[in-house]
Amino acid sequence: DHRDLHSFPTRRSSDLAGNKERVLEYADKIDISSQHLLGIINDVLDMSKIESGKTVFKYTDFSVLDVLRDLNAMFHSQAEEKNQTLTITTEKIRHEWVNGDQVHLMQIFSNLLSNAVKYTQEGGAIHFVAEECETISTVYARYRFFVRDNGMGMSDAFKDTIFDAFTRAENSVTNKIQGTGLGMAITKNLVEAMGGTIYVESEPGQGSCFEVLLDLKIAKEGSESLLSKEEETPDGTVLEIGRASCRERV
32 DHRDLHSFPT
42 RRSSDLAGNK
52 ERVLEYADKI
62 DISSQHLLGI
72 INDVLDMSKI
82 ESGKTVFKYT
92 DFSVLDVLRD
102 LNAMFHSQAE
112 EKNQTLTITT
122 EKIRHEWVNG
132 DQVHLMQIFS
142 NLLSNAVKYT
152 QEGGAIHFVA
162 EECETISTVY
172 ARYRFFVRDN
182 GMGMSDAFKD
192 TIFDAFTRAE
202 NSVTNKIQGT
212 GLGMAITKNL
222 VEAMGGTIYV
232 ESEPGQGSCF
242 EVLLDLKIAK
252 EGSESLLSKE
262 EETPDGTVLE
272 IGRASCRERV
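Plus 31 on top of the position in the sequence shown (first one is 1) and you've got my numbering.
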């Protein structure tokens with residue numbers, strides 16, 4: 032049954048005149064839909080660049096702590112909306128200033144934190160850890176990053192395919208969550224292109240923990256040891272020292 036697009040019923044602007052609540056509701060829906068569509072387009076473009084070897088990496092000096100502050104600013108309100116606790120922790124940071132691709136590093140951690148927020152229940156907990164590991168190198172600092180949550184977790188079968196393109200867990204809960212199934216594939220490819228590794232531990236109903244291991248070149252200028260034990264961010268979240276690993280639950 033072919034029907035012309037214009038034959039479908041639509042709301043005339045006159046129907047909405049004076050109905051501010053309805054106008055705002057439609058505006059919000061348009062904004063959410065456009066953001067989702069933009070996310071899909073960006074993911075497809077990113078994956079296309081990766082597969083064709085055309086991803087460009089730009090290396091600059093940056094502060095690891097600045098990255099953590101930016102991540103906190105980006106995800107603190109998202110976690111609050113679901114009554115979740117987001118904790119950002121550092122351990123043994125001796126070289127705050129490093130040289131690397133900050134933009135792609137942010138993309139890696141944003142993908143992991145975004146998933147943690149989406150797939151963790153209301154009132155859940157998410158923990159991001161940045162740890163500098165021991166190494167004999169005087170040129171590179173070895174970092175381990177953990178993103179750990181106490182959310183829905185995943186089966187062994189899905190865990191084996193989570194880094195494959197267009198892969199999503201299929202169940203009554205995840206089917207309601209928007210996503211392209213490309214985020215983790217993009218994340219793994221970016222981590223490996225930067226010379227690192229990514230690993231995941233997870234159990235159904237017990238949450239997930241993603242571990243990223245990266246060697247970042249020590250910046251020649253501004254490389255300072257982290258002297259303070261904790262630092263308060265503008266919104267009151269504390270970046271603190273503490274030991275953690277994927278084997279510890281939130």
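Glycine residues also receive a C-beta, built at the ideal position from the N, C-alpha and C atoms.
As the structure is a computational prediction, the values presented were derived from the model and not from experiment.
Residue range of the unbroken beta strand (DSSP E) whose run includes D180 | Its beta strand (DSSP E) spans residues Y171 to D180.
Spatially closest choice to S94 from Q115, I124, T120 and G184, by CA coordinates = The option with the nearest alpha carbon to S94 is I124.
Excluding five sequence neighbours on each side, which residues of the same chain lie with their C-beta closer than 7 Å to the C-beta of I249?
-> The residues are H126, V129, V170, Y171 and A172.
For the stretch 173-190 against the stretch 145-160, are there 3 or more C-beta pairs whose distance is under 8 Å?
-> With a cut-off of 8 Å, the stretch 145-160 and the stretch 173-190 count as touching, because enough Cβ pairs lie within range.
Classify A297 as buried or exposed, calling it buried when 16 or more other Cβ atoms lie within 10 Å of its own Cβ.
-> Residue 297 falls outside the range modelled here, since the chain spans only 32 to 281, and no answer is possible.
Taking buried to mean at least 16 other C-beta atoms within 10 Å of its own C-beta, is D35 buried or exposed?
-> Interpretation of D35 is limited by its pLDDT of 46, a score under 50 that renders its predicted location unreliable; the figure taken from the coordinates is listed afterwards. Its Cβ having fewer than 16 others within 10 Å, D35 is exposed.
Assuming Y174 and E162 make a contact with CB atoms under 8 Å, what is their CB distance in whole Å?
-> Separation of the CB atoms of Y174 and E162 is rounded to 7 Å, and the pair is thereby assigned contact status at 8 Å.
Taking the continuous alpha helix (DSSP H) assigned at E165, which residues delimit it?
-> Element bounds for E165: n/a, residue is neither H nor E.
Give the DSSP bridge partners of I229, in chain order.
-> DSSP lists V243 as partners of I229.
Since K248 sits in a beta bridge, which residues does DSSP pair it with?
-> Its beta-bridge partners are N130 and Y171.
Nearest CA to the CA of T121: which residue from M215, E56, G184 and F159?
-> By alpha-carbon distance to T121, the top candidate from M215, E56, G184 and F159 is F159.
Secondary structure of E234, DSSP reduced to three states | If DSSP states are grouped into helix, strand and coil, E234 belongs with the strands.
Which of helix, strand or coil DSSP assigns to S94 = Strand.
Pairwise C-alpha distance: D246 and E232 = Roughly 21 Å between the two C-alpha positions.
How far does the alpha helix (DSSP H) with E223 in it reach, from first residue to last?
-> DSSP places E223 in the uninterrupted alpha helix (DSSP H) bounded by G214 to A224.
Quick one: is D97 buried, meaning 16 or more other Cβ sit within 10 Å of its Cβ, or exposed?
-> Exposed: under 16 other Cβ atoms inside 10 Å.
Just how far apart, CA to CA, sit G214 and P235?
-> Roughly 20 Å between the two C-alpha positions.
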